[in-house]
Amino acid sequence: MKRLISAQDVIAAAERHENLVVDGNTIVTAQARDVAKERGVLLETASAAAKSAPHAEAAPVAEHHEEAHHEEHHEEVHHEEAKAVQPALSADELERVISAAFEKGIWTKEEVEALFKPKAAIDANIVPVGVSGRHIHLSQEHLEQLFGTGYQLTPIKDLSQPGQFAAKECVTLAGPKGVIQKVRVLGPVRPKTQVEVLAGDTFKLGIPQAIRLSGHLEGTPGVTVIGPKGTVVLDEGVIVAARHIHMNPAQAAERGFHDGQVVSLKVGGERGGMLDNVIIRVTESGNLDCHIDTEEANALHIKCGSTVEVVR
Ligand SMILES: [Zn+2]
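Structure representation (structure tokens):
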């Protein structure tokens with residue numbers, strides 16, 4: 001009769017200070033072997049078990065005999081067991097055995113899944129995507145000029161980066177050629193006001209395009225910001241955000257990235273393609289998320305929350 005030994009069987013045996021007997025019809029899962037090694041549970045062949053413990057021959061679990069398990073014997077048993085436990089099962093048989101084992105609760109769901117998906121570990125190059133629309137970050141000073149003295153933002157939605165939120169408040173942008181209304185304010189307030197627009201918006205406003213990472217505002221164009229209580233004329237601070245991937249140092253280490261690294265994104269699907277010059281941003285407050293804007297997302301048919309593949 002075919003029999004399966006799972007990691008849980010090994011753990012149970014270890015707790016009982018017992019070894020396990022295997023024969024040509026016994027399947028030992030890879031996890032079970034690992035656990036057996038870790039916990040020092042011997043996987044004895046039926047014949048080896050018979051030699052060291054004759055009365056245990058027919059039992060699935062051999063009794064523990066301290067004196068019989070010195071190191072030398074260990075080696076020998078492992079060697080024999082390796083030869084004996086190579087069951088020649090067809091794919092059909094294997095499937096039947098696995099199904100039966102699962103149904104009878106011999107294997108847990110996790111073990112069966114681990115067997116069929118051996119690469120369930122994280123794929124370092126798959127990252128989630130957050131899609132940004134046009135928005136503005138305000139300094140407290142500018143917030144008060146636009147909305148009134150002592151004004152505080154009203155958060156309505158948390159963003160992927162810890163502490164960042166979309167606020168209820170919106171402003172209007174005015175440039176030499178046109179205006180854009182209902183531009184969302186993101187919080188919390190920052191030391192410096194920064195406007196992030198889409199490439200298409202720069203044509204509508206009639207201002208130059210400066211593709212920059214957040215915070216790099218030197219030499220960028222300005223714009224007029226209009227709020228319900230006042231207006232702010234910015235000399236600089238309008239950027240088209242350079243695409244980037246946020247992460248914290250632990251995530252960077254785990255995935256083998258470093259701050260400032262430039263990578264590409266490979267996107268599948270009907271409008272798939274590559275996006276180059278994507279900058280890795282490692283910050284203590286960061287959380288893994290790839291930020292592109294709505295134009296980029298629309299061009300490649302990427303939705304917020306989908307994942308993309310990083311190419312290094
Ligand atoms: Zn970002």
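At position 147 of the sequence shown the residue is numbered 147 (UniProt numbering), and the sequence of numbers has no breaks.
For each residue, glycine too, the CB sits at the ideal point set by N, CA and C.
Being a predicted model, the structure only gives us computed values, none of them experimental.
Inset, instruction - Assign LYS266 to one of three DSSP states: helix, strand, or coil. - result: strand
Query raised in the report: Under 7 Å from any heavy atom of ligand 2, does the C-beta of HIS135 make it?
Result: Ligand 2 is not part of this structure, which contains only ligand 1.
* Does the Cβ of HIS17 have 16 or more other Cβ atoms within 10 Å, making it buried, or fewer, making it exposed? -> exposed
Q.
Please state whether the Cβ-Cβ distance between THR307 and PRO128 is less than 8 Å.
A. yes
inquiry  = Judging by CA-CA distance, which residue of GLY230, ARG255 and LEU138 is the nearest neighbour of GLY237?
reply    = Cα-wise, what sits closest to GLY237 is LEU138.
Discussion item. Do MET247 and GLY215 count as a contact pair if the criterion is CB distance below 8 Å?
Written reply: no
State the DSSP-derived secondary structure class of PHE165, mapped to helix, strand or coil. strand
Expressed to the nearest angstrom, what Euclidean distance is found between the alpha-carbon atoms of ILE156 and VAL171? About 16 Å.
*8 Å Cβ cutoff met for GLY175 and ILE226*: no
According to DSSP, simplified to helix, strand and coil, what is GLN194?
strand
>> Need the endpoints of the beta strand (DSSP E) that LEU42 sits in, please.
In response: LEU42 -> no beta strand (DSSP E), and no H or E assigned at all.
- Message: Can you tell me whether LEU146 is helix, strand or coil according to DSSP?
- Response: helix
Since I believe ASP235 is in contact with ARG134 (beta carbons under 8 Å), could you give me their beta-carbon distance rounded to a whole number of angstroms?
About 20 Å separates the two Cβ atoms, so there is no contact after all.
- Query: Under 8 Å, do ILE292 and ILE302 count as touching if we go by C-beta distance?
  - Reply: The Cβ atoms of ILE292 and ILE302 lie closer than 8 Å to each other.
Neighbourhood of GLN251 by C-beta distance below 7 Å, restricted to the same chain and skipping five residues each side | LEU288
- request: Could you tell me whether the Cβ atoms of VAL195 and LEU265 are closer together than 8 Å?
  value: no
Next on the checklist: Tell me whether HIS142, by its Cβ, gets closer than 7 Å to a heavy atom of ligand 1.
Outcome noted: no
task: May I ask which residues mark the beginning and end of the alpha helix (DSSP H) holding THR224?
output: That residue, THR224, is in no alpha helix (DSSP H); its beta strand (DSSP E) goes 223-226.
query: Going straight from the alpha carbon of LEU94 to that of ARG212, what length do you get?
result: 56 Å
Just to check, is the beta-carbon of HIS216 closer than 7 Å to a non-hydrogen atom of ligand 1?
no
Separation of ILE239 from LEU217, as counted between CA atoms: Near 7 Å, if we compare the C-alpha coordinates of ILE239 and LEU217.
Q) Excluding the five sequence neighbours on either side, which residues of its own chain have a C-beta within less than 8 Å of the C-beta of LEU300, listed in chain order? A) VAL267, GLY269, ARG271, GLY272, GLY273 and LEU275
- Query: For the beta strand (DSSP E) that ASN277 lies in, which residues bound it at each end?
  - Reply: 273-282
**OP:** Assign SER6 to buried or exposed, taking buried as 16 or more other Cβ atoms, counted over all protein chains shown, within 10 Å of its Cβ.
**Re:** buried
| query | Since VAL22 contacts GLU44 with CB under 8 Å, what's their CB separation in whole angstroms? | reply | That belief holds up - the Cβ atoms of VAL22 and GLU44 are roughly 7 Å apart, short of 8 Å.
- prompt: Does the distance from the CB of GLY256 to the CB of ALA100 come in under 8 Å?
  reply: No, the pair does not count as a contact, with Cβ atoms beyond the cut-off.
Of all the options ALA297, GLN209, GLU144 and VAL10, which has the alpha carbon lying nearest to the alpha carbon of ILE106? VAL10
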